[in-house]
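Residue numbers (our numbering): 8 to 765.
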């Protein structure tokens, strides 16, 4: 048995987007941090001195606004009464200049201390201008896409009275059955970390006091993506090493990007609910990482400690959550109801209460709410819908997010000169491709562009025939003959199938993740005509695409592309845009294969095709249908063998900040310009804790003209070659030994070099 390599402890290191860096405290200059010495800190202290216990507890309370009821309505009385009494800190799900100003005036002008309210909203992938769902954005492998989404969203939201968004969600997941995979960036912590940081920067900018910026919230802390069975709100049992290596890195990246707030998750973490988990909320988040913003609960998450069997009653739930590290309670009211008695009995401390209040007040000061609590209601200041510029940004983002899964015999792109074209399927004429978590008013006022309409505009000379074929979820096949007739009469057919947005997102777990209803029968019937056709998938999660895949010449993964859905899809179908997206998550062959993901550990008996007694299924290959990082183009690329600046490096040099440069040349070997995503993976061949067979440690999306080449360079440092152990105090190791470095265009990259750490 091989001896373990010498363990090199990188003391005092913290994860940053999959990286280890010294320290871990968030920069003192970040707006929105809890009060520090100086003017803001003194103002908070002076205000705290004037507050009663009831007013302090009120700052810890967030209540929900009734969507369809304005100020003065029966559904908002609790909010208004609490604001008037100075016993409310925040309101969620409220927006619109007139509505927010009306409620703000109650708090500022009618309460004793006039403390402004903080207005929060789930601005997940757009406010008025709906961008592709986050999973789709991750498929772009271009963090600028998500940064643009956040910048546009912040400008539109702040003009409508919103100060704070409950985004980004950065839950890494290996569970496509989980509906919230649509809100995630998929299965990889490095990719997720890069996108998390970019989105925070887009929302907050350099100073979120600015009237076009909002405070962000890193959610859900932590390990929510590991929910057993993919069922929302379910248990997560996770080792310390997996917690730190898989689930925590995106949160640290968000903190280092300056995120203002963090939201606790619904799940348990190895038996301890996240809302009462002092290890994650205090030991890691506060003490190790130095986070000094505030932690908000998820919707009724504090009260749910009772249902978890962790708290006996509401009073116990309030005590456990506050003591563990929750600062603001969303919707449930245990802290407000029981806080005074808990304080009197010594079950919570006055210091902890003041600490939580100070963090919340600190954000309000940082947002400039004490100086200017209202939003401009004049017509010139209003942002009441998408503009041509924001529509253009959404269209570009959607097109960059599309992934060409299959393209046999160059079935795509379609020729704009086609004489006739059939467009069939339940989503061909649908304006409901915005995706999950859309602002309700935006969905009503600004539905998505239809694929059918966009195709007609893209090919104005073609006779375009439409047939529904089947509805989205039903088993009625009575419409298939009409679709078949349309396909027979056309030069080519576009079949648009997938999931409605309601089948993904929160509380939308699916046990079967194939195409719903009779949609597969529609594809099979069109294929049986023998005429050319392509399939467009619109969905919020990876799907099992087994039976019909072989018969489909081309498959384009469009996800839920947002406001400009139809236009972006048509841009790619007709080759105006050359697809360059890659899968941020593996597509399983069957549900029984889940979890299947590229970054798994090896076993003592890894898969061998000719040996039954290895880790395998009898009835399925071991690999996914489509691998993480997979995506085709209308041109072709050659990626050369990787080159290392050095083949060996001492561990002490890594600790000192030195790195190994990895370079590779990528060439467009086809006839048209296109994008390739060059991806870097590492594998630690032997470690004291078994490591994934591959870990993504770098990617670069490059645009190359036909025949052009470019050298892409990456750096591998201690953060890329080390790992966190099971020590709950946080131990990061770089061990001596051999590492394989892979470079290619997916997680199945073949180009390899050996690096040795001595």
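Glycine residues also receive a C-beta, built at the ideal position from the N, C-alpha and C atoms.
Any chance you could list the beta strand (DSSP E) runs of at least 3 consecutive residues sitting entirely within the region 399-433, in chain order? 410-414, 427-431
Limits of the unbroken alpha helix (DSSP H) element including residue 106: 104-112
Residue nearest to residue 404 in terms of C-alpha spacing, selected from 619, 195, 154: 154
With contact counted as at least three CB pairs below 8 Å, one residue from each stretch, are the region 267-277 and the region 753-764 in contact? no
Name the two residues that bound the continuous alpha helix (DSSP H) containing residue 210. 196-211
Please name the residue or residues paired with residue 176 in a DSSP beta bridge. 226
Checking the sheet assignment: what are the DSSP bridge partners for residue 608? 699
Please tell me whether residue 449 and residue 500 are closer than 8 Å, where the distance is taken between their beta carbons. no
Between the C-alpha atoms of residue 375 and residue 212, what's the straight-line distance to the nearest angstrom? 15 Å
So what does DSSP say about residue 600, is it helix, strand or coil? helix
Could you name the residues of the same chain whose beta carbon sits closer than 6 Å to that of residue 343, not counting the 5 residues immediately before and after it, in chain order? 64, 68
Within the chosen definition, does the region 277-296 reach the region 195-215 through at least 3 CB pairs nearer than 8 Å? no
Could you give the distance in angstroms between the alpha-carbon of residue 171 and the alpha-carbon of residue 221? 5 Å
Taking three-plus beta-carbon pairs below 8 Å as touching, is the region 543-552 in contact with the region 488-506? yes
Give me whichever residues DSSP pairs with residue 747 in a beta bridge. 690, 761
Do the region 630-650 and the region 742-753 meet, that is, are 3 or more Cβ pairs less than 8 Å apart? yes
Roughly how many angstroms separate the alpha carbons of residue 427 and residue 241, rounded to a whole number? 50 Å
Do residue 309 and residue 285 have their C-beta atoms closer together than 8 Å? no
Rounded C-alpha distance that separates residue 189 from residue 508: 9 Å
Counterpart residues of residue 566 in DSSP-defined beta bridges: None; residue 566 has no bridge partner.
Measuring CB to CB, does residue 520 end up less than 8 Å from residue 475? no
Can you grab the Cα-Cα spacing for the pair residue 745 / residue 612, in whole Å? 21 Å
For the putative contact between residue 149 and residue 708, defined by C-beta atoms under 8 Å, what is the C-beta separation to the nearest angstrom? 5 Å
In or out: residue 180 buried (at least 16 other Cβ within 10 Å) or exposed? buried
What did DSSP end up calling residue 268 once you bin it into helix, strand or coil? strand
In this structure, what does DSSP give as the bridge partners for residue 673? 646, 717
Taking the straight line between their C-alpha atoms, what separation do you get for residue 512 and residue 658? 44 Å
Return the chain-ordered list of same chain residues with a C-beta closer than 6 Å to the C-beta of residue 522, the five sequence neighbours on each side being excluded. 504
Note the first and the last residue of the continuous beta strand (DSSP E) segment covering residue 295. Segment: none, residue 295 is in no beta strand (DSSP E) and carries neither H nor E.
Suppose you measure from the CA of residue 761 to the CA of residue 99; what does that come to, to the nearest Å? 52 Å
So, residue 727 versus residue 704, is the Cβ gap smaller than 8 Å? yes
Length of the line joining the Cα atoms of residue 697 and residue 392: 51 Å
Three-way DSSP call (helix, strand, coil) for residue 66 in this model: helix
Which of helix, strand or coil DSSP assigns to residue 22: The predicted position of residue 22 is uncertain, since its pLDDT is 32 and thus under 50; a value taken from the coordinates is nonetheless stated next. Strand.
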